[in-house]
Amino acid sequence: MAVTVERRTWDVLVVLSAPPHTSDALTTVLRLAQAVLDREHTIRVWACGYNTILTQGSLGDTKPADLRDPATPAPTAGALIRGLLTAYKGRFSWIVCTACSAERGAGNHIAEVRLRSDARLAATIGAARRTIYIGGA
């Protein structure tokens, strides 16, 4: 008798490949994630390219102060992502592409993110009701 593995489905998958330093794609994805979560849905983000660096443990939880408000520490992208992962456990997921991560020497990710081979991207897309691609060529 064949064993059937039931895959979990997600409401939204965002494939993020736009470089985080050239546009506001990352903040757009984080705002979209919060809006999806506020509506009691589930969302996954698949981070490719230089987005794999955003969750490096070496970046810490705060970045240099905003010059407009130097007294208030600004959270790093990793801290924001960890906050969503903690607050919405089981409803939010952040996946780092291992191939992109290895190409950039980004190996020390925060513990909360999932590392997945690019060979699993098609299955991840198949497990989502809707897929949004935010990136370049």
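Take any residue in the sequence shown, count from 1 to its spot, add 596: that is its number in the numbering used here.
We treat Cβ as the ideally placed atom computed from N, Cα and C, and that holds for glycine.
None of the values given here were measured: they were computed from a predicted structure.
Whole-angstrom C-beta distance between residue j and residue i, which should lie under 8 Å
i	j	result
ARG604	ALA723	6 Å
VAL610	ILE730	6 Å
TRP690	ALA631	Going by Cβ atoms, the distance from TRP690 to ALA631 rounds to 16 Å, so no, they are not a contact pair.
ARG700	TYR646	7 Å
PHE688	LEU633	6 Å
Residue span of the alpha helix (DSSP H) that contains residue i, given as start and end
i	result
ASP665	ASP665 -> no alpha helix (DSSP H), and no H or E assigned at all.
ARG640	Counting along the chain, ARG640 falls outside any alpha helix (DSSP H), though it belongs to the beta strand (DSSP E) covering 639–643.
ASP634	621–634
Residue i - DSSP class collapsed to helix/strand/coil
i	result
LEU689	At residue 689 the sequence reads Ser, which differs from the Leu that was named. SER689 falls in the strand class under three-state DSSP.
VAL709	coil
ALA702	coil
ALA670	strand
ASP607	strand
LEU650	coil
THR720	helix
THR658	strand
Range of the contiguous beta strand (DSSP E) that encloses residue i
i	result
ALA724	724–730
Sequence-distant residues of its chain with Cβ nearer than 8 Å to residue i (five each side left out)
i	result
THR658	PRO669, ALA670, PRO671, THR672, ALA675
Beta-carbon proximity list for residue i, same chain, < 7 Å, skipping 5 on both sides
i	result
ALA702	THR648, ILE649, GLN652
GLY732	SER613, ALA614
CYS696	CYS644, GLY645, THR648
Same chain only: Cβ atoms within 6 Å of residue i, ignoring 5 sequence neighbours per side
i	result
ARG726	VAL608
LEU711	VAL692, THR694
Cβ of residue i within 9 Å of any chain B Cβ
i	result
TYR684	Judged by its chain identifiers, the structure shown contains no chain B, having just a single protein chain.
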